[in-house]
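One structure below.
Numbering (the numbering used here), first residue to last: 183 to 409.
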């Protein structure tokens with residue numbers, strides 16, 4: 183009987199140790215962030231130092247909260263439309279990521295491309311992101327409103343209405359797929375062209391504004407990474 187009790191106690195300790203080890207391994211795996219940001223000029227931080235763009239600022243915040251950011255890569259260029267991003271992804275060899283963000287569409291709107299093109303290609307981009315990291319490791323960022331900048335002030339109302347359509351579609355698609363959709367558009371509208379809100383080009387956000395974006399998205403990103 184004593185031997186049986188010893189075996190049961192030992193087995194319990196062994197199982198507990200294994201559980202602790204698995205928990206530690208899972209925590210260690212989650213603590214390693216391999217992040218890929220997909221987008222356009224808003225993603226690369228056009229008009230400001232590279233270190234001030236929001237994906238880099240987000241990586242810095244994640245490090246401050248205890249995550250190891252092993253990758254913080256960006257696939258984006260100034261002027262890219264959804265078609266350009268799709269082409270870039272087709273040519274890229276992507277692997278070993280566990281977090282992907284998407285912010286795209288402003289140049290489709292600016293170039294007056296058919297809205298249906300955006301809808302079709304946004305869906306394809308979401309599909310590719312899911313294939314890369316899975317649905318639970320993606321977040322989408324809304325398009326900021328450049329109608330509040332000096333560049334777009336003469337057409338501010340039209341720009342706002344059209345970008346609302348783009349963001350409404352993206353948000354509804356994300357809701358359908360249960361993918362987080364982070365609305366930073368209202369931040370851009372609230373700041374407008376106020377002091378330090380824009381880069382020197384008078385169009386793109388400043389590092390300070392991107393910092394506010396990051397504060398808005400950080401709780402959601404942390405929730406994603408802790409799943």
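Cβ atoms here follow ideal geometry from the backbone N, Cα and C, with glycine treated the same way. None of these values were measured; they are calculated from a predicted model.
From residue i to residue j, what distance separates their C-alpha atoms?
{"i": "residue 320", "j": "residue 225", "result": "15 Å"}
{"i": "residue 356", "j": "residue 363", "result": "6 Å"}
{"i": "residue 394", "j": "residue 323", "result": "13 Å"}
{"i": "residue 241", "j": "residue 283", "result": "12 Å"}
{"i": "residue 286", "j": "residue 263", "result": "7 Å"}
{"i": "residue 351", "j": "residue 344", "result": "11 Å"}
{"i": "residue 213", "j": "residue 254", "result": "14 Å"}
{"i": "residue 401", "j": "residue 247", "result": "11 Å"}
{"i": "residue 391", "j": "residue 298", "result": "30 Å"}
{"i": "residue 234", "j": "residue 381", "result": "11 Å"}
{"i": "residue 194", "j": "residue 408", "result": "The predicted model places residue 194 with a pLDDT of 47, which falls under 50 and marks its position as unreliable, so this point remains unresolved."}
{"i": "residue 204", "j": "residue 294", "result": "With a pLDDT of 41 at residue 204, under the threshold of 50, the predicted position of this residue should be treated as unreliable, though the coordinate-derived value follows. Cα to Cα, the separation comes out at about 52 Å."}
{"i": "residue 270", "j": "residue 307", "result": "11 Å"}
{"i": "residue 379", "j": "residue 373", "result": "6 Å"}
{"i": "residue 231", "j": "residue 267", "result": "22 Å"}
{"i": "residue 405", "j": "residue 318", "result": "10 Å"}
{"i": "residue 348", "j": "residue 354", "result": "10 Å"}
{"i": "residue 250", "j": "residue 239", "result": "14 Å"}
{"i": "residue 210", "j": "residue 313", "result": "Residue placement at residue 210 is flagged as unreliable, the pLDDT there being 46, under the threshold of 50; the coordinate-derived value follows with that caveat. For residue 210 and residue 313, the distance between alpha carbons rounds to 23 Å."}
{"i": "residue 304", "j": "residue 265", "result": "9 Å"}
{"i": "residue 336", "j": "residue 301", "result": "27 Å"}
{"i": "residue 346", "j": "residue 276", "result": "32 Å"}
{"i": "residue 376", "j": "residue 228", "result": "18 Å"}
{"i": "residue 272", "j": "residue 258", "result": "13 Å"}
Go to residue i, then tell me how far its beta strand (DSSP E) extends in each direction, as first and last residue.
{"i": "residue 215", "result": "214 to 221"}
{"i": "residue 250", "result": "250 to 258"}
{"i": "residue 321", "result": "320 to 323"}
At which residues does the alpha helix (DSSP H) containing residue i begin and terminate?
{"i": "residue 284", "result": "Not the alpha helix (DSSP H): residue 284 falls in the beta strand (DSSP E), residues 281 to 284."}
{"i": "residue 274", "result": "Premise fails: residue 274 is in no alpha helix (DSSP H) and is neither H nor E."}
{"i": "residue 371", "result": "367 to 373"}
{"i": "residue 350", "result": "338 to 359"}
{"i": "residue 382", "result": "It is not in any alpha helix (DSSP H) - residue 382 carries neither H nor E in the DSSP assignment."}
{"i": "residue 402", "result": "389 to 407"}
{"i": "residue 291", "result": "288 to 292"}
{"i": "residue 297", "result": "297 to 315"}
{"i": "residue 362", "result": "Segment: none, residue 362 is in no alpha helix (DSSP H) and carries neither H nor E."}
{"i": "residue 263", "result": "Counting along the chain, residue 263 falls outside any alpha helix (DSSP H), and DSSP gives it neither H nor E."}
{"i": "residue 243", "result": "236 to 246"}
Assuming contact is defined by CB atoms lying nearer than 8 Å, are residue i and residue j in contact in what I supplied?
{"i": "residue 216", "j": "residue 290", "result": "no"}
{"i": "residue 396", "j": "residue 245", "result": "no"}
{"i": "residue 288", "j": "residue 222", "result": "yes"}
Among the options, which one has its Cα closest to the Cα of residue i?
{"i": "residue 333", "options": "230, 373, 384 and 348", "result": "384"}
{"i": "residue 403", "options": "361, 378, 373 and 353", "result": "361"}
{"i": "residue 338", "options": "292, 311 and 316", "result": "292"}
{"i": "residue 316", "options": "229, 359 and 228", "result": "359"}
For residue i, collect the residues of the same chain with a Cβ closer than 7 Å to its Cβ; drop the 5 residues on either side in sequence, then sort them by chain order.
{"i": "residue 278", "result": "216"}
{"i": "residue 326", "result": "224, 366, 367, 370 and 387"}
{"i": "residue 252", "result": "214, 215 and 216"}
Within the same chain, show all residues whose beta-carbon is closer than 6 Å to that of residue i, passing over the 5 residues directly before and after it, in chain order.
{"i": "residue 237", "result": "219 and 256"}
{"i": "residue 341", "result": "329 and 334"}
{"i": "residue 399", "result": "364"}
{"i": "residue 389", "result": "230 and 234"}
Excluding five sequence neighbours on each side, which residues of the same chain lie with their C-beta closer than 8 Å to the C-beta of residue i?
{"i": "residue 311", "result": "220, 282, 284 and 320"}
{"i": "residue 261", "result": "222, 223 and 289"}
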